[in-house]
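Q: In terms of my numbering, the sequence shown opens at residue 28 and continues consecutively. Glycine included, every Cβ here is placed at the ideal spot set by N, Cα and C.
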Amino acid sequence: MPIAIRRFDSGDFAGVEALWNACFPDDPPHNRAAVAIPQKLAFQPDLFWVALLDDRVVGSIMAGYDGHRGWLYSVAVLPGEQRHGLGTQLVRTAEAALQSLGCSKVNLQVRDTNRAVAAFYARLGYAEEPRISMGRRL
Ligand SMILES: CC(C)(COP(=O)(O)OP(=O)(O)OC[C@H]1O[C@@H](n2cnc3c(N)ncnc32)[C@H](O)[C@@H]1OP(=O)(O)O)[C@@H](O)C(=O)NCCC(=O)NCCS
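1. Taking only heavy atoms of ligand 1 into account, decide whether any of them is closer than 7 Å to the Cβ of residue 60.
2. On the three-state DSSP scale, how would you describe residue 129?
3. Tell me whether residue 99 sits in a helix, a strand or coil according to DSSP, three-state version.
4. Is the region 96-109 close to the region 77-86, with three or more CB pairs under 8 Å?
5. Should residue 74 be labelled buried (16 or more other beta-carbon atoms within 10 Å of its own) or exposed?
Here you go:
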């Protein structure tokens, strides 16, 4: 069965949770599926996709658009399914949806402990920009 990419459905929860646990084992509690998925479903739920192989969740991506910039989050492909173009398809799916909303620029963040993944984004046309990334938990 070919890969299918479609919007997240509540029945995908366990599959996405397992995917994130495999891909982001060191993520802090506020990024866990039990917290992040309900929050996403309450805000721009259409900007959340899963990739399915034989009905099994093997990839995910979340996006957000704030009227000024688009952002990508939780780009993940199950380790056994990586390097087959799936991550690229997920990013292109999210980009197309953001563009259709009027978004002209997409941003994303990569943890400094995960620098190797920058090569993936560079291959997709993303450039490293001279910014200091800052944040504050509310
Ligand atoms: C990043 C990730 C989503 C890429 O998914 P993927 O399905 O393997 O990506 P693709 O097959 O579309 O890769 C396209 C190209 O990107 C580059 N690339 C992908 N992964 C790479 C890696 N780990 N190191 C260097 N280059 C990489 C390659 O040029 C690749 O083409 P090639 O396989 O023909 O050489 C996947 O590695 C992943 O889930 N990683 C763990 C979670 C993570 O770190 N997510 C990003 C958080 S910011």
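A: According to the structure shown:
1. no
2. coil
3. strand
4. yes
5. buried
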